[in-house]
Structure formats: C-alpha cells, structure tokens
Amino acid sequence: MEVHLELLVGRKVLTLDNTSLGRLEEVHADLRGGKCYIEEYLVGSYGVFQRLSALEIGRAILGIAGKSIKTGYRIPWDKLDLSDPSKPRLKCKVNQLKRI
3 MEVHLELLVG
13 RKVLTLDNTS
23 LGRLEEVHAD
33 LRGGKCYIEE
43 YLVGSYGVFQ
53 RLSALEIGRA
63 ILGIAGKSIK
73 TGYRIPWDKL
83 DLSDPSKPRL
93 KCKVNQLKRI
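Structure below.
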C-alpha cells in the first residue's frame, strides 16, 4: 500500500469507538534494501516534541502545564488502518498501545 506521509501527518487518529486519540505527529521508518518500511507512528503531544528533536524540553514544558495534557502513544505499523488515509483508525484498543 502506498500512502503519502506528508498528507497523513497532522491527521486525527480515530479509536475503535470513533473518538479522537490525537494527531499523528511522526512516523518512524527504516530503509532496508532500498525500500522504506514503517515501524511505528507517534500520536499526541509528545509526538510533536519528538519530531522537533526536543523531547526532554517537551516533557519539562508539558510537566509544568499539568497532568491534564496527554502524553502520546506509539502505534505499531500494523495497528493503524490506513485504508482511508484521510481518517486513520486504530485496529486495537487504546490500552494496548505504549505511551510515549
């Protein structure tokens, strides 16, 4: 399946019950044999700081802002349904994801 990542980043990721998990902020991939393989997607507040290579600064800022701000999630490549790239959707329950 071919998806244009530049159109995917920033989209809201929907859960199984159709609520928003957060925005897709970063995609981790690996190049092997001249091909690009997606490993995981980062969603949420910390994903922004990870993308900007400022995760430690982000943790400090979000820590000051309070615990009401979600940290973010790591979504394995096979747990995100991209059949409609304009509406990425989880294939699993939120509690099965690792937090950032």
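Mind the numbering: the sequence shown is residues 3 to 102 in this note's numbering, read in order. Think of the CB as a built atom: it goes at the ideal place given N, C-alpha and C, for glycine as much as any other residue.
I'd like to know whether the C-beta atoms of residue i and residue j end up nearer to each other than 8 angstroms.
{"i": "Leu-7", "j": "Val-29", "result": "yes"}
So, under 8 angstroms CB-CB, residue i and residue j are touching, yes? Tell me the CB distance rounded to an integer number of Å.
{"i": "Val-45", "j": "Gly-12", "result": "Wrong, their Cβ atoms sit about 11 angstroms apart, outside the cutoff."}
{"i": "Leu-23", "j": "Val-96", "result": "6 angstroms"}
{"i": "Asp-32", "j": "Glu-41", "result": "6 angstroms"}
Whole angstroms are fine: how far does the CA of residue j sit from the CA of residue i?
{"i": "Ser-88", "j": "Arg-76", "result": "19 angstroms"}
{"i": "Lys-14", "j": "Gly-35", "result": "32 angstroms"}
{"i": "Arg-91", "j": "Asp-83", "result": "5 angstroms"}
{"i": "Glu-27", "j": "Asp-80", "result": "17 angstroms"}
{"i": "Arg-99", "j": "Met-3", "result": "The sequence given here places Leu at residue 99; Arg does not occur at that position. Near 23 angstroms, if we compare the C-alpha coordinates of Met-3 and Leu-99."}
{"i": "Val-5", "j": "Asn-20", "result": "22 angstroms"}
{"i": "Cys-2", "j": "Arg-101", "result": "The shown model of the chain, from 3 to 102, leaves out residue 2, and the question about it has no answer."}
{"i": "Cys-94", "j": "Ser-85", "result": "15 angstroms"}
{"i": "Pro-78", "j": "Leu-18", "result": "15 angstroms"}
Give the DSSP bridge partners of residue i, in chain order.
{"i": "Pro-78", "result": "Glu-42"}
{"i": "Gly-12", "result": "Gly-12 is not bridged to any residue."}
{"i": "Asp-86", "result": "Paired residues: none, contrary to the question."}
{"i": "Glu-28", "result": "Leu-44"}
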